[in-house]
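J.: What follows is a single structure, and I will ask about it in a moment.
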Amino acid sequence: MDYESYDVNQEQLEKAKNILDKYQNLDYLIVGNTTEEKIDNLIKDINQSIRNEKPEFTLDRLHTLMKNYFKGLCETHGIEYSDNDPLDHLVSRYTKFISKKLDSDLSKAILKQAGSNFKKYNMVRNKKSYAHDNDILNSAESLLIYRNIVAIYEFIKTIEKDVL
Numbered sequence: 170m171d172y173e174s175y176d177v178n179q180e181q182l183e184k185a186k187n188i189l190d191k192y193q194n195l196d197y198l199i200v201g202n203t204t205e206e207k208i209d210n211l212i213k214d215i216n217q218s219i220r221n222e223k224p225e226f227t228l229d230r231l232h233t234l235m236k237n238y239f240k241g242l243c244e245t246h247g248i249e250y251s252d253n254d255p256l257d258h259l260v261s262r263y264t265k266f267i268s269k270k271l272d273s274d275l276s277k278a279i280l281k282q283a284g285s286n287f288k289k290y291n292m293v294r295n296k297k298s299y300a301h302d303n304d305i306l307n308s309a310e311s312l313l314i315y316r317n318i319v320a321i322y323e324f325i326k327t328i329e330k331d332v333l
């Protein structure tokens, strides 16, 4: 077959590329069904913003989801916390607990760093998201933050399922 004789329709090729690019973020959708309608609605709303390529709309809701998630983990494992604890304190308390169950020093270091990152995430949520009347963080940085928070979340879900 003589492939050189085929004309490549650049417009169709560009459309196909755009469709593929649009779905590159679908790997970062949050998977989960809970028994809590509030949490399920948060997940659906976050995922819809990612599908719509609007990660800046996820930052405040992802924060709420993570705070609920880490409170639940603390309760499940008998880790003391206060309802007023900021997200980074919940993450740090949980990661101290879970680090004892991990094999890799690098995994432990990544989780320790996550505690620091979640502290900075609190600031982004309060000063650069739709949580308040703020100047909003740009899409590229919002997506970077979103992906990193979700990566920690997915890792912890796996550890909870497979290790504990």
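In this text, residue positions in the sequence shown follow this note's numbering: the first is 170, and each later residue adds one. Even for Gly, the Cβ is constructed at its ideal location relative to N, Cα and C.
CB F239 to CB L259, shorter than 7 angstroms?
T.: Going by C-beta atoms, F239 is nearer than 7 angstroms to L259.
J.: Quick check on this structure: which residue in I248, T233, S308 has the alpha carbon closest to the alpha carbon of N221?
T.: Comparing Cα positions, the closest option is S308.
J.: When the Cα of R294 is compared with those of L280, Y315, S261, which residue comes out closest?
T.: For the residues L280, Y315, S261, the minimum Cα distance to R294 belongs to Y315.
J.: State the DSSP-derived secondary structure class of I325, mapped to helix, strand or coil.
T.: Looking at I325 - three-state DSSP - the assignment turns out to be helix.
J.: Could you check where the alpha helix (DSSP H) with T264 kicks off and where it finishes?
T.: Unbroken alpha helix (DSSP H) run through T264: 256-268.
J.: What residues in its chain sit with their C-beta under 7 angstroms from that of S268, if we drop five residues either side in the sequence?
T.: Counting only Cβ-Cβ distances below 7 angstroms, and skipping sequence neighbours, we find K277, L280.
J.: Would you give the residue range spanned by the alpha helix (DSSP H) that L228 belongs to?
T.: L228 -> alpha helix (DSSP H) spans 228-245.
J.: Put I314 into one of helix, strand or coil per three-state DSSP.
T.: It is helical.
J.: If you follow the alpha helix (DSSP H) that N145 is part of, which residue opens it and which one closes it?
T.: The shown model of the chain, from 170 to 333, leaves out residue 145, and the question about it has no answer.
J.: Would you tell me roughly how many angstroms separate the C-alpha atoms of Q282 and L256, rounded to the nearest one?
T.: Whole-angstrom Cα-Cα distance: 14 angstroms.
J.: Note down the Cα distance separating G284 from L275, rounded to an integer number of angstroms.
T.: About 15 angstroms.
J.: With respect to the alpha helix (DSSP H) encompassing N210, which residues constitute its N-terminal and C-terminal limits?
T.: Where N210 is concerned, the enclosing alpha helix (DSSP H) stretches over 206-220.
J.: Using the Cα positions of E205 and T233, report the straight-line distance between them to the nearest angstrom.
T.: So the two alpha carbons sit approximately 14 angstroms from each other.
J.: DSSP three-state label for A309, please.
T.: A309: helix per DSSP, three-state reduction.
J.: For I215, is the classification buried or exposed, using 16 other Cβ atoms within 10 angstroms of its Cβ as the cut-off for buried?
T.: That one is buried.
J.: Which of the three DSSP states is assigned to V319 in this structure?
T.: Helix at V319.
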